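A.B. asks:
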Amino acid sequence: MSQSTTSHSTLGESFVSIQETRTESVDSHTHHELNEKTSVTSEQDVTEDVTLPRRIQLTAPQSLVSNLHTRLTTARFPDQIEGAGWKYGTENSTVKALAREWLHHYDWDAELAKLNEFEHWTCNVDGLDIHYVRHDPWAAEEEERDEALAGQRTVNDKGEIIMPLLLIHGWPGSWYEFGKVLPMLKQRGRFQIIIPSLPGFGWSQAPSRKGWGTKTMAETLHKLMQQLGYTYYLAQGGDWGAIISRTIATLYPDNCLAVHMNMLPCLPPRPWTRPFGFAKAIAGFLAPSVVYRGNAREQASVNGLKLYAAEEGAYFFIQATKPQTLGHALHDSPVGLLSWLTEKYLGWADLDPTRPETWPFTTTELLTQVMIYHSTDTITSSIRIYYETSHNQDVAWMLRRPIPEKVPVGVGVWNKELFMVPRAWADDWMNIKSWHEFPKGGHFAAFERPVEFEKEIVGFFTSNDVLDRFTAKRHGFKI
Numbered sequence: 001m002s003q004s005t006t007s008h009s010t011l012g013e014s015f016v017s018i019q020e021t022r023t024e025s026v027d028s029h030t031h032h033e034l035n036e037k038t039s040v041t042s043e044q045d046v047t048e049d050v051t052l053p054r055r056i057q058l059t060a061p062q063s064l065v066s067n068l069h070t071r072l073t074t075a076r077f078p079d080q081i082e083g084a085g086w087k088y089g090t091e092n093s094t095v096k097a098l099a100r101e102w103l104h105h106y107d108w109d110a111e112l113a114k115l116n117e118f119e120h121w122t123c124n125v126d127g128l129d130i131h132y133v134r135h136d137p138w139a140a141e142e143e144e145r146d147e148a149l150a151g152q153r154t155v156n157d158k159g160e161i162i163m164p165l166l167l168i169h170g171w172p173g174s175w176y177e178f179g180k181v182l183p184m185l186k187q188r189g190r191f192q193i194i195i196p197s198l199p200g201f202g203w204s205q206a207p208s209r210k211g212w213g214t215k216t217m218a219e220t221l222h223k224l225m226q227q228l229g230y231t232y233y234l235a236q237g238g239d240w241g242a243i244i245s246r247t248i249a250t251l252y253p254d255n256c257l258a259v260h261m262n263m264l265p266c267l268p269p270r271p272w273t274r275p276f277g278f279a280k281a282i283a284g285f286l287a288p289s290v291v292y293r294g295n296a297r298e299q300a301s302v303n304g305l306k307l308y309a310a311e312e313g314a315y316f317f318i319q320a321t322k323p324q325t326l327g328h329a330l331h332d333s334p335v336g337l338l339s340w341l342t343e344k345y346l347g348w349a350d351l352d353p354t355r356p357e358t359w360p361f362t363t364t365e366l367l368t369q370v371m372i373y374h375s376t377d378t379i380t381s382s383i384r385i386y387y388e389t390s391h392n393q394d395v396a397w398m399l400r401r402p403i404p405e406k407v408p409v410g411v412g413v414w415n416k417e418l419f420m421v422p423r424a425w426a427d428d429w430m431n432i433k434s435w436h437e438f439p440k441g442g443h444f445a446a447f448e449r450p451v452e453f454e455k456e457i458v459g460f461f462t463s464n465d466v467l468d469r470f471t472a473k474r475h476g477f478k479i
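Going by my numbering, the final residue of the sequence shown carries number 479, and the count climbs one at a time with no gaps.
(1) Please state whether DSSP places ARG208 in a helix, a strand or coil.
(2) Return the chain-ordered ranges of every alpha helix (DSSP H) run that is complete within the segment 43 to 79 and spans a minimum of 4 residues.
(3) Please state if the CB of HIS374 and the CB of LYS416 are separated by a distance shorter than 8 Å.
(4) Taking its Cβ as the centre, do 16 or more other Cβ atoms sit within 10 Å of PRO275, making it buried, or is it exposed?
(5) Assign GLY170 to one of two classes, buried (16 or more other C-beta atoms within 10 Å of its C-beta) or exposed (fewer than that).
(6) Does the segment 425 to 438 come close enough to the segment 307 to 326 that 3 or more CB-CB pairs lie under 8 Å?
(7) With respect to the alpha helix (DSSP H) encompassing ALA281, which residues constitute its N-terminal and C-terminal limits?
(8) Note down the Cα distance separating GLY327 from LEU58, rounded to an integer number of angstroms.
(9) On a CA-only basis, which of PHE461, THR471, ALA218 and LEU185 is nearest LEU198? Give me that one, please.
(10) Which of the three DSSP states is assigned to GLU119 in this structure?
(11) Helix, strand or coil, according to DSSP, for GLU456 in the structure here?
(12) Would you report the Cα separation of LEU68 and PRO334, rounded to the nearest angstrom?
(13) Buried or exposed: which applies to GLN187, given that a residue is buried once 16 or more other Cβ atoms fall within 10 Å of its Cβ?
(14) Should VAL50 go down as buried or exposed, given a rule of 16 or more other Cβ atoms within 10 Å for buried?
(15) Ordered along the chain, which non-local residues of its own chain (more than five positions away) have a Cβ less than 6 Å from that of GLN192?
(16) Take LEU115 and list the residues in its own chain whose beta-carbon comes closer than 7 Å to its own, dropping the five residues that flank it on each side.
(17) Can you tell me which of the three DSSP states SER434 falls into?
(18) Report back the beta-carbon spacing between THR471 and ILE161 to the nearest angstrom; my notes put them in contact at under 8 Å.
(19) Quick check: the segment 377 to 384 against the segment 203 to 220, are at least 3 beta-carbon pairs closer than 8 Å?
(20) With distances taken between CB atoms, is the gap from ARG384 to GLY237 smaller than 8 Å?
(21) Apart from the five residues just before and just after LEU112, which ones in its own chain have a Cβ nearer than 7 Å to its Cβ?
(22) When you compare each of ARG423, GLY412 and SER339 to LEU98 by their alpha carbons, which one comes out closest?
(23) Below 8 Å on the Cβ atoms is my contact criterion, and I expect ILE130 with PRO78 to pass it. Report the Cβ-Cβ distance as a whole number of Å.
(24) Beta-carbon within less than 8 Å of MET398's beta-carbon, same chain only, minus the 5 sequence neighbours each way: which residues are those?
(25) For GLY480 and PRO353, what's the separation of their Cα atoms in angstroms?
Put into C-alpha cells, the structure is as follows:
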C-alpha cells in the first residue's frame, strides 16, 4: 500500500489542508469495524463509501504563516477615546499586545503538532464532511482483533459501564475548548468520546445552502453518532452546544439518554402548568432584588439576562441579520478577527481583561482558538449559525418544547455565565437531576475551569439516574 498526502477538497480555498488516511476496503460504517489504516494516492483511488469514518491529520502550508505575518506587520489600528478602557469594546493596547505576540512568538507549526496529538477523523453526514476528535480505545481493541463488535463492548476492564459521550462546542469556540478536558476523561476510562466541529466551523465542511441552523445541526450530529455505531449516547454543551444538546434530547430522547448543559436556554414556567411559578418569574424579572432576596445566584441570573440584552447582544443581531457583511471584514483582516473574538473571550470569561495574570487560559491557547478560524477560513460560515437559527426560528421551536421527562438533565452553573436562568424556570421544562453552582468560571467552562468541568460532568453522567437508563436501554427495556 502506498502512502501520500492529499488535500481535503471540500474545504475549498482554505489555507489548511487535511491529510486523510483511509483503508483500501471497508465493509462497515462504524469505527469499531475499521481495520489498520493506510493512505491512498489520490481522490481517484478512493472507492469506499464517503459516509465511512476516515482518519485525518491536520496540516498547513508555509504560505499561511508568511501571509499572516505580512498582514500583522502592516496592520493599522484605530484611535481610542481617552480613558475608555473596555467600555467601547476591545481595548487597543490589548489587541496590539496580542498582535505582537501572534507575530513574534506564536508558533503555529508547534501548535498544529499539538493539535495532531489528538485523534482526528472525518465522516460525511447529510452531504457534509464533518470533522471530529475521537477517543474510543475499545474500538481500537476491536479493530486489532478484526472483530465486528460495534456497540457490543459495554463495560471496561473494571466492570464499569462505558458510554458514548458527545461534547458540543459553540461560538466563538471550537472542539479545542475541550482539549484540556479530554486527557482527564481518557483517564477515567468510562467514555467513548466524540467532539465534532459544527458544520461550517474549523475543519468541518461549510454548508452551501440555506437552513443549517441548530435544529438541522442537531439532526446531523445525531446521524453522525448513529453512523459511527453509537446507538445510545450522552450529550453535553455550552453556548450553541447547549441549545443543540437540548434540541437533540428533545428530538431523540430514546437515543440521547442524558444531557448536561453549562448554559441554560429556557423560558419562564408555563402559566398553565405552574401559574405561581410563572407569576414569580415575571415579577422576579422586573424586581429581582425583591423577589429573589437572599438568593444571590438567582438575582445574578436575572440581572445577567438584562445586561446581555442591553450591553452584550449587539454582536448577536448583526450576525443574525448581516453575517456576510461582517464576514468580509473578519475574513480578510487577522487583526479584525483577533479583536472580534478576543472581546468575547475576555468579556465572557471570569477574568480581568486588563490583567493577563487573571486569565484562565494562556495567550497561546487564546491565539490558537483565533488561528483555527483564520486558518480554515470559517469565520463567515461559523457566524451564519446565528442567521440560520434565527430565520428558521430554531430556538423558538426548542424553547416551546420541554425535554421529555425520561431524559435526566444536569446543569453546571459557573459564576460569570452570561446566559443562565433561575432553576425554578428550568424545572418546568426539563427533569433536572443535578444542579451545581461554582464560584469561579464563566461562559467557557471547559476552557476556563477544566478540572471542575470534568468532575462535574463525570459526576452527573456516572450517577445512578444515567447508568440505570443506559443499562435498561442496552438490555432492550422500553423506558
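C-beta atoms are modelled at their ideal positions from N, C-alpha and C, and glycine is treated no differently. Note that the coordinates shown come from a computational prediction; the quantities given were computed from them, not determined experimentally.
C.D. replies: Reading off the structure:
(1) Translated into positions along the sequence shown, residue 208 becomes position 208. According to the sequence provided, residue 208 is Ser. The question's Arg does not apply to it. In the structure shown, SER208 sits in coil (DSSP, three-state: anything other than H, G, I, E or B).
(2) Entirely contained in the segment 43 to 79, the alpha helix (DSSP H) runs reaching 4 residues are, in chain order, 62 to 73.
(3) The count along the sequence shown starts at 1 and reaches residue 416 at position 416. The count along the sequence shown starts at 1 and reaches residue 374 at position 374. Cβ atoms of LYS416 and HIS374: not closer than 8 Å.
(4) The residue you call residue 275 lines up with position 275 of the sequence shown. Within a 10 Å sphere around the beta-carbon of PRO275 sit fewer than 16 other beta-carbons, which makes this residue exposed.
(5) For the purposes of this step, residue 170 is taken as the residue at position 170 of the sequence shown. Note on GLY170: 16 or more other CB atoms within 10 angstroms of its CB, so buried under the neighbour-count rule.
(6) No, they do not touch.
(7) Here residue 281 refers to the residue found at position 281 of the sequence shown. Here the alpha helix (DSSP H) through ALA281 covers 275 to 286.
(8) For the purposes of this step, residue 327 is taken as the residue at position 327 of the sequence shown. For the purposes of this step, residue 58 is taken as the residue at position 58 of the sequence shown. Their Cα atoms are separated by approximately 24 Å.
(9) Taking the first residue of the sequence shown as 1, we reach residue 198 at position 198. It is ALA218 whose Cα lies nearest to the Cα of LEU198.
(10) Start at 1 with the first residue of the sequence shown, and residue 119 comes out as number 119. Note: GLU119 maps to coil in three-state DSSP.
(11) Start at 1 with the first residue of the sequence shown, and residue 456 comes out as number 456. Here GLU456 sits in helix by DSSP.
(12) Sequence index remark: in the sequence shown, residue 68 carries index 68 (1-based). Sequence index remark: in the sequence shown, residue 334 carries index 334 (1-based). For LEU68 and PRO334, the distance between alpha carbons rounds to 7 Å.
(13) Locating residue 187 in the sequence shown gives position 187, counting from the first residue. Here GLN187 is exposed, its C-beta having fewer than 16 other C-beta atoms within 10 Å.
(14) Along the sequence shown, read from residue 1 onward, the residue named residue 50 stands at position 50. Under this definition VAL50 is an exposed residue.
(15) Along the sequence shown, read from residue 1 onward, the residue named residue 192 stands at position 192. Here the set comprises ASP136 and PRO164.
(16) Counting from 1 along the sequence shown, the entry for residue 115 is found at position 115. Closer than 7 Å at the Cβ level, and outside the excluded window around LEU115, lie LEU58.
(17) Taking the sequence shown and counting its residues from 1, one reaches residue 434 at position 434. Under the three-state reduction of DSSP output, SER434 falls in the strand class.
(18) On the sequence shown, position 471 is the one that residue 471 refers to. On the sequence shown, position 161 is the one that residue 161 refers to. About 7 Å separates the two Cβ atoms, so the contact holds.
(19) Judged by Cβ distances under 8 Å, the segment 203 to 220 makes contact with the segment 377 to 384, as three or more pairs qualify.
(20) The residue given as residue 384 occupies position 384 in the sequence shown. The residue given as residue 237 occupies position 237 in the sequence shown. Against a cut-off of 8 Å, the Cβ pair of GLY237 and ARG384 comes out as no contact.
(21) For the purposes of this step, residue 112 is taken as the residue at position 112 of the sequence shown. Closer than 7 Å at Cβ, skipping near neighbours: LEU58 and ALA60.
(22) One-based indexing of the sequence shown puts residue 98 at position 98. Of the candidates ARG423, GLY412 and SER339, the one whose C-alpha sits nearest the C-alpha of LEU98 is SER339.
(23) Sequence index remark: in the sequence shown, residue 130 carries index 130 (1-based). Sequence index remark: in the sequence shown, residue 78 carries index 78 (1-based). That pair is no contact at about 38 Å.
(24) As a working note, residue 398 is residue 398 in the sequence shown. THR214, LYS215, ILE243, ARG246, THR247, THR250 and PRO265, listed in sequence order.
(25) With the chain represented from 1 up to 479, any question about residue 480 goes unanswered, as that position is not in the structure.
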